[in-house]
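Residue numbers (our numbering), protein chains in the order written: chain Z, 37 to 191; chain R, 37 to 191. Just so you know, even glycine gets a beta-carbon here, dropped at the ideal spot from N, CA and C. This one's a predicted model, so the numbers in the text were calculated from it and none came from an experiment.
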């Protein structure tokens, strides 16, 4: 008895579909539940915001410039700036996230990359210790934060 | 008319007391409010826990070992492990923090330093890429987490 070619083909298609599902679903596979992803990205943004605010206080002249402090804050921000994006996978709607994050995914991704580039530049300025460059890079980075908040974060 | 020396002395003592208060209070001066400090430390611990858990999954054999992934996770943990402690200043009681954090401050500080040392060792093992060393360092680091949670975190 030969195997029914139609059944085999169907079986193969189902297997292929399963593989696609398995490889496609890890959008938030790093997180057990959507709530975990939401908590993670909010936490990463929160810590990042604290350290960004500390450089902001120096830029605004509220706190005297100290090279080491600004360099440390910028390095922390640089590490954190890479983290939240992995936690916006399919099925993780909620929190302050606007639906546009998923309906305009390419725009959101471009914004996140722009921000990471700006933060890398802020970190370079901070490590080199030139306050004028820090101010410029801080302002540019702040604008990338705001752009995404305007479009993708609930008010 | 000469200035009353007793009044002057009292004034100086009050001034001295004010200076001590000003210099002593920045325990959480980096944070505007106690709630900000609590949110900050909880967020830092939360992100750290996520990445620690990812190495844990490799150590337990649930996820195949990938040197780059473990190294990245360990570097993130190393950065984050230095952060929460600044947010346990006087007046920041609350959240999951046990009062013992402030009544047994030296023990808490020693615990936090032990943890940071263990995380540095985990990061070294992760960067060098020796899975056996990673497993040992992960276990040692996990014990420093647990020790503080047992003594200082609300159940």
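Three-state secondary structure (DSSP) of residue i
i             : result
residue 126/R : coil
6 Å Cβ shell around residue i - same chain, five flanking residues per side excluded
i             : result
residue 119/R : 80
residue 165/Z : 103
residue 57/Z  : Summary for residue 57/Z: the model assigns pLDDT 44, below 50, so the residue's position carries little reliability, and this model does not support an answer.
residue 148/Z : 121
residue 172/R : none
residue 163/Z : 107
Chain-ordered chain Z contacts of residue i [CB-CB under 7 Å]
i             : result
residue 79/R  : 79, 82, 83
residue 86/R  : 76
residue 115/R : 112, 115
Pair within 7 Å by beta-carbon distance, residue i and residue j
i             : j             : result
residue 113/R : residue 151/R : no
residue 170/Z : residue 161/Z : yes
residue 158/R : residue 110/R : yes
8 Å CB neighbourhood of residue i in its chain, flanking five on each side removed
i             : result
residue 181/R : 88, 151
residue 71/R  : 130
residue 115/Z : none
residue 189/Z : 132, 133, 134
Neighbourhood of residue i by C-beta distance below 7 Å, restricted to the same chain and skipping five residues each side
i             : result
residue 67/Z  : 73, 76, 123
residue 78/Z  : 131
residue 60/Z  : Because residue 60/Z sits at a pLDDT of 41, beneath the cut-off of 50, its placement in the model cannot be relied upon, and the point is left open.
residue 94/R  : 101, 106
residue 185/R : none
residue 128/Z : 64, 70, 73, 74
Cross-chain neighbours of residue i in chain Z, by beta carbon under 8 Å
i             : result
residue 119/R : 83, 112
Q) Are there three or more Cβ pairs, one per stretch, closer than 8 Å when the segment 130-146 of chain Z is compared with the segment 128-143 of chain R? A) Flag = no, the segment 130-146 of chain Z and the segment 128-143 of chain R do not touch.
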